[in-house]
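See below for the structure under consideration.
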Amino acid sequence: MSILTKKIAYQHFSMKLGLTLKYMKTDPAAIEFNRLPGNFARRLHQISVAIFLQETEPFGITPVQFAALQSVLANPDIDQRTLAGAIGQDASTTTGVVNRLEGRGLLQRRPSPTDRRAFCLTITEQGRELLQAATPAVLRSQELLLEPLPEHERAEFMRLIAVLVNGNNSLSRAPRKTPRAG
-5 MSILTKKIAY QHFSMKLGLT LKYMKTDPAA IEFNRLPGNF ARRLHQISVA
45 IFLQETEPFG ITPVQFAALQ SVLANPDIDQ RTLAGAIGQD ASTTTGVVNR
95 LEGRGLLQRR PSPTDRRAFC LTITEQGREL LQAATPAVLR SQELLLEPLP
145 EHERAEFMRL IAVLVNGNNS LSRAPRKTPR AG
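Just so we're aligned, residue -5 is where the sequence shown starts under the numbering used here, counting upward by one.
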């Protein structure tokens, strides 16, 4: 393959990834990493998890575990694959989450009556009680996360972050999928 052919192939590949010549010529030293949206998203996630864990410490639950319990409560007999899509996690991570919640007696797993390879999940009474007790702390954690924003900007922030998340959902290694009703 000639140098010109390689260059054209690289440019085609780069354009396919959404890169423009403008970005290809950017000096890496000129990038202000701390001002990049991805860096802010990563930092906001770290902060969000830290606040969540601080507020929910008495309940010993993580954000993903809370999301799983809440989703199972809202969708009784949901299978693990559908749960993974509902909470935006890959199947392997979801299996670990379900194992821990089941081990704590918060979820119950049983074979699916329609698919021998699948498991249906239901929340236990202990799981319901934990969700009921932890929900005020979870909501408080979300309020604390938004606290630096003036109240009149919070709805706009939520609208904009939803646009980014929903608009880029398919690019995730575990795109979120809404469980089907029925």
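Positions of the beta carbon are idealized from the N, C-alpha and C atoms, including for glycine.
Owing to the predicted nature of the structure, the values given are computational and were not obtained by experimental measurement.
Going by beta carbon distance, what residues of the same chain come within less than 6 Å of residue i, once the five residues before and after it are set aside?
i      : result
Ala112 : Asp73 and Ser106
By Cβ distance, which residues of its chain are closer than 8 Å to residue i, with the 5 residues on each side in sequence left out?
i     : result
Ile55 : Leu63, Leu124 and Ala128
Helix, strand or coil for residue i per DSSP?
i      : result
Leu30  : coil
Ile55  : coil
Leu115 : strand
Ile25  : coil
Ala168 : coil
Pro142 : coil
Arg98  : coil
Arg122 : helix
Thr129 : helix
Compute the distance between the beta-carbons of residue i and residue j, then report whether it is under 9 Å.
i     : j      : result
Ile81 : Arg170 : yes
Arg34 : Thr50  : In the sequence as displayed, the identity of residue 34 is Phe instead of Arg. Result no, Cβ atoms of Phe34 and Thr50 do not sit closer than 9 Å.
Gly79 : Thr172 : yes
Just to confirm the assignment, what range does the beta strand (DSSP E) spanning residue i have?
i      : result
Gln102 : Leu101 to Pro105
State the start and end residues of the unbroken alpha helix (DSSP H) segment that holds residue i.
i      : result
Ala154 : The identity of residue 154 in the sequence shown is Leu, whereas the question assumes Ala. From DSSP, the alpha helix (DSSP H) with Leu154 extends over Glu145 to Asn162.
Arg75  : Gln74 to Ile81
For residue i, which residues of its own chain have a beta-carbon under 7 Å away from its beta-carbon, when the five flanking residues on both sides are left out?
i      : result
Arg167 : Asp84
Val43  : Pro57
Under 8 Å by Cβ, that's how I've got residue i and residue j pegged, so tell me the actual separation to the nearest angstrom.
i      : j      : result
Leu158 : Ile41  : At roughly 17 Å, the Cβ-Cβ gap does not stay under 8 Å, so Leu158 and Ile41 are not in contact.
Leu100 : Leu115 : Not a contact, Cβ separation roughly 10 Å.
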